[in-house]
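Order-wise, the sequence lines are chains E and G. The first sequence maps to residues 44 to 381 in my numbering. The second sequence maps to residues 44 to 381 in my numbering. For reference, the structure discussed in these notes is given below.
Protein chains: 2
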Amino acid sequence: MNPTIKDVAKMANVSIATVSLVVHNHKRISQETKDKVLSAIEQLNYHPSHSARGLVRRNSGNVGFILTDDHFLRTEPFYTHIFIGSEFEAHENELYVLLTTINSDYNINNKLPRFILERNVDGLIIAGKVPSPFIDQLSKYSFPIIFVDYLPNTNKYSGVMIDNVKGGELATEHLIRCGNNVIAFIGGDIEHPSIRDRFNGYKNSIEKAGLNVNNEIIDYTEDYPGRPNGYNAAERLFSRSKNITAIFACNDAMAVGAMQYMKDNGIRIPYDCSIIGFDDVVSDNAIDPALSTIRVPKMEMGTEAMKLMAQMIKNNSKECRRVLLPVDLIVRDSTKRI
Amino acid sequence: MNPTIKDVAKMANVSIATVSLVVHNHKRISQETKDKVLSAIEQLNYHPSHSARGLVRRNSGNVGFILTDDHFLRTEPFYTHIFIGSEFEAHENELYVLLTTINSDYNINNKLPRFILERNVDGLIIAGKVPSPFIDQLSKYSFPIIFVDYLPNTNKYSGVMIDNVKGGELATEHLIRCGNNVIAFIGGDIEHPSIRDRFNGYKNSIEKAGLNVNNEIIDYTEDYPGRPNGYNAAERLFSRSKNITAIFACNDAMAVGAMQYMKDNGIRIPYDCSIIGFDDVVSDNAIDPALSTIRVPKMEMGTEAMKLMAQMIKNNSKECRRVLLPVDLIVRDSTKRI
DNA sequence: GTGAAAGCGCTAACAT
DNA sequence: ATGTTAGCGCTTTCAC
Numbered sequence: 044m045n046p047t048i049k050d051v052a053k054m055a056n057v058s059i060a061t062v063s064l065v066v067h068n069h070k071r072i073s074q075e076t077k078d079k080v081l082s083a084i085e086q087l088n089y090h091p092s093h094s095a096r097g098l099v100r101r102n103s104g105n106v107g108f109i110l111t112d113d114h115f116l117r118t119e120p121f122y123t124h125i126f127i128g129s130e131f132e133a134h135e136n137e138l139y140v141l142l143t144t145i146n147s148d149y150n151i152n153n154k155l156p157r158f159i160l161e162r163n164v165d166g167l168i169i170a171g172k173v174p175s176p177f178i179d180q181l182s183k184y185s186f187p188i189i190f191v192d193y194l195p196n197t198n199k200y201s202g203v204m205i206d207n208v209k210g211g212e213l214a215t216e217h218l219i220r221c222g223n224n225v226i227a228f229i230g231g232d233i234e235h236p237s238i239r240d241r242f243n244g245y246k247n248s249i250e251k252a253g254l255n256v257n258n259e260i261i262d263y264t265e266d267y268p269g270r271p272n273g274y275n276a277a278e279r280l281f282s283r284s285k286n287i288t289a290i291f292a293c294n295d296a297m298a299v300g301a302m303q304y305m306k307d308n309g310i311r312i313p314y315d316c317s318i319i320g321f322d323d324v325v326s327d328n329a330i331d332p333a334l335s336t337i338r339v340p341k342m343e344m345g346t347e348a349m350k351l352m353a354q355m356i357k358n359n360s361k362e363c364r365r366v367l368l369p370v371d372l373i374v375r376d377s378t379k380r381i
Numbered sequence: 044m045n046p047t048i049k050d051v052a053k054m055a056n057v058s059i060a061t062v063s064l065v066v067h068n069h070k071r072i073s074q075e076t077k078d079k080v081l082s083a084i085e086q087l088n089y090h091p092s093h094s095a096r097g098l099v100r101r102n103s104g105n106v107g108f109i110l111t112d113d114h115f116l117r118t119e120p121f122y123t124h125i126f127i128g129s130e131f132e133a134h135e136n137e138l139y140v141l142l143t144t145i146n147s148d149y150n151i152n153n154k155l156p157r158f159i160l161e162r163n164v165d166g167l168i169i170a171g172k173v174p175s176p177f178i179d180q181l182s183k184y185s186f187p188i189i190f191v192d193y194l195p196n197t198n199k200y201s202g203v204m205i206d207n208v209k210g211g212e213l214a215t216e217h218l219i220r221c222g223n224n225v226i227a228f229i230g231g232d233i234e235h236p237s238i239r240d241r242f243n244g245y246k247n248s249i250e251k252a253g254l255n256v257n258n259e260i261i262d263y264t265e266d267y268p269g270r271p272n273g274y275n276a277a278e279r280l281f282s283r284s285k286n287i288t289a290i291f292a293c294n295d296a297m298a299v300g301a302m303q304y305m306k307d308n309g310i311r312i313p314y315d316c317s318i319i320g321f322d323d324v325v326s327d328n329a330i331d332p333a334l335s336t337i338r339v340p341k342m343e344m345g346t347e348a349m350k351l352m353a354q355m356i357k358n359n360s361k362e363c364r365r366v367l368l369p370v371d372l373i374v375r376d377s378t379k380r381i
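If you want it as structure tokens, here you go:
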């Protein structure tokens, strides 16, 4: 059996109230008793029970981390890294992370995760796009919520985002600097805020360079921005236009799919066509040629989110706060000056 | 404020004890009161407080998932998938997973994870090799512990393992069937049980085929079985022996590193040299040529571990149980009949 | 400066 | 079949 506050009190010859005061190092405690108690705590290896403390403090010391099951199952370690970041930061703040997934087709009749219903979390970090009925359900609850990499349209939520527009511009400008003037864009669901922003960055740079935005070499037919769809998008692209010299893919997964199509069809990368992705989730030398991309600070998104969360919990604040993290261009071997 | 058992009792005009009985659907409760209570619960959207329940039941409803920080940070999604598996299974069993990392150089003076000290977990799943001082520290505690993908030498722990010896045999036999008779082995730390077993499988098959185990084409110089070390191992291998026609790498990460060396040095895969890995963590078309490997049921390892855990918690059992999961050969394009 | 005591929300043994 | 009550381990107000 684990030692309780009573055991400590008995051993130190004080009341349990005194022990509690020492644990919280209250000022008005004589050095003498403090020492006695501390030594008893040490000897017994006492640690306050999480449940008992949670019961009276009406908190849990946990924060929930939610993402949809399909995001969690993605092969690219995007959300995994965000999770790792928040886990590390939670550690620093004496918090624990309870991760759970929700269905990507969550509807109003589904139950909320148990840890919410049972008041087993003090706040929620929501990573990636989640169904809006889910967000609606949450509005009854008053704990802090932080969105990461996705922000609902309403203006009331806190969030940690990356600069997707800027990223789109960086990628496109790089391609332009390399001498390309027929630069295609492939993306998934254009309604997704991140993809839309990346596309807008693309358009900004294309226009700024005096080139024209040509729908023939823009493809966001598919919903899900994964490898197979990258392959398909490339196929459509090249069947419509033969003189594409560069592609900006909305993420690395689609880029890898598109590269596969090019390899299968004798299009040499980067000699015949350059390609750049977004996210930096393809580990450097795993793919040939190494993929140029826009680096996204994934771990940092997690740590920033958890930092915000820890502050909001501590200050019992509900104010809406936003963090925008910068991205950078990573030039590898899939893009080349022509 | 969330509703408590009192609110339900008041609304249904019964005592809180009755509410509790209904919640646990005790037999001796009239259908009538049961309905009353249930409807109150429904209306108030009542859910028992996790902390309060944990306090009296002396449990937490959580299970701790522990791995070393370097395992967690590995780019290959090996332990991530084990974690996902246990998370899904935890869901089924109304359990939550608290993940935390420990230092890979944990020593006797380090503190145990807080959730252990604060009795905030009912059991521990330990994934991958962890420092033995950590395991020693754990012996004071009486909750169930399940090891996954690594089992300390002592015979007392429960664990979910894969058949590494068999996997080594499958890989090597495949290479032999392809007509190779100079088959190299590259591995990391041979003291690691998994690597040792894979190596033993290799030896078994080599000997069974009447070939001889030749130290010149065996390399486990490096400790950590990652990509860079795979590269180095291949370099040493080919500098010692020119007539290697196939390599069995102890895992995919090393295989990918070795492939990079071969590409850099004009050794064509699989024409000049075949290579097979282990783990199946390189997503199919990411690397060229696609890597043959031994598939490891990673998600299943996680679900099996959590199943065991749920049973042990429910039955308050401490008996040592072992699960051995099979592996299979996946033939892709990096191995070829000669 | 320290202790007594109430109470957090729940379970379970014991009454009725 | 249902209610009363004593805790579970802790925090916190209020006395002293």
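Glycine included, every Cβ here is placed at the ideal spot set by N, Cα and C.
- Within chain G, the C-beta atoms nearer than 8 Å to that of P91 of chain E come from E161, in chain order.
- Only buried fits K172 of chain G, as 16 or more other CB atoms lie within 10 angstroms of its CB.
- By the criterion of a C-beta distance shorter than 7 Å, P120 of chain G is surrounded in its chain by V324, once the five residues flanking it on both sides are discounted.
- Within the stretch 74-142 of chain E, complete alpha helix (DSSP H) segments of at least 4 residues are found at 74-87, 93-100, 112-116, 121-135, given in chain order.
- Taking the C-beta atoms as reference points, L334 of chain G is found nearer than 7 Å to G320 of chain G.
- For V173 of chain E, the secondary structure class from DSSP, reduced to helix, strand or coil, is coil.
- Counting C-beta pairs with one atom in each stretch, the stretch 225-232 of chain E and the stretch 183-194 of chain E have fewer than three that are closer than 8 Å, which means they do not touch.
- About 4 Å separates the CB atoms of G107 of chain G and V164 of chain G; that is less than 8 Å, so the two are in contact.
- In summary, C293 of chain E is buried, with 16 or more beta-carbon neighbours lying within 10 Å of its beta-carbon over all protein chains present.
- Per the C-alpha coordinates, the member of E:A276, E:H67, E:D266 positioned closest to E259 of chain E is E:A276.
- In this structure, L142 of chain E and F126 of chain E form a Cβ contact; the two beta carbons are roughly 7 Å apart against a cut-off of 8 Å.
- At a cut-off of 7 Å between C-beta atoms, N45 of chain G counts as an interface residue with respect to chain E.
- At a beta-carbon threshold of 8 Å, the residues of chain G lying near D331 of chain E are K306, I330, D331, ordered along the chain.
- Between the alpha carbons of D307 of chain E and N207 of chain E lies a gap of roughly 31 Å.
- Taking a Cβ-Cβ cut-off of 7 Å, the neighbours of Y139 of chain G in chain E comprise L141, F158, given in sequence order.
- A direct Cα-to-Cα measurement between M355 of chain E and C363 of chain E gives close to 10 Å.
- Residue contact with chain E for T123 of chain G: present (Cβ-Cβ distance below 7 Å to some residue of chain E).
- Straight-line spacing of the CA atoms in D78 of chain E and P91 of chain E works out to 18 Å.
- Taking CB atoms only, P195 of chain E has no neighbour in chain G less than 7 Å away.
- Counting along the chain, L218 of chain G sits inside the alpha helix (DSSP H) bounded by residues 207-220.
- Under the three-state reduction of DSSP, T197 of chain G is assigned to coil, being neither helix nor strand.
- CA-CA distance, G166 of chain E to D322 of chain G, rounds to 36 Å.
- Taking the Cβ atoms as the reference, Y149 of chain E lies roughly 6 Å from P176 of chain E, within the contact range of under 8 Å.
- One finds I127 in chain G with Cβ atoms closer than 7 Å to the Cβ of F115 of chain E, taken in chain order.
- Under a 10 Å Cβ-count criterion, Q86 of chain G is classified as exposed, with fewer than 16 other Cβ atoms of the shown protein chains found around its own Cβ.
- For G210 of chain G, there are no C-beta contacts with chain E under 7 Å, since the nearest C-beta of that chain is about 22 Å from it.
- Residue E:V80 holds the alpha-carbon nearest to the alpha-carbon of V51 of chain E among E:V80, E:K70, E:D240, E:L138.
- Contact annotation for S377 of chain E against chain G: no contact, minimum CB-CB distance about 13 Å [criterion: below 7 Å].
- The beta carbons of S248 of chain E and E278 of chain E sit no closer together than 7 Å.
- Residues of chain E with a Cβ closer than 9 Å to the Cβ of L98 of chain G are, in chain order, S92, S94, A95, G97, L98.
- Straight across, the Cα-Cα distance linking K209 of chain G with N243 of chain G is about 9 Å.
- Within chain G, the residues whose beta carbon sits less than 8 Å from that of S103 of chain E are H93, S94, listed in sequence order.
- Counting the other Cβ atoms within 10 Å of the Cβ of P369 of chain G gives fewer than 16, which makes it exposed.
- As computed with DSSP, M204 of chain G is found in a beta bridge with G:L367.
- In this chain, F281 of chain E is not harboured by any beta strand (DSSP E); it is covered by the alpha helix (DSSP H) spanning 270-283.
- Looking at the DSSP output, I48 of chain G shares a beta bridge with no other residue.
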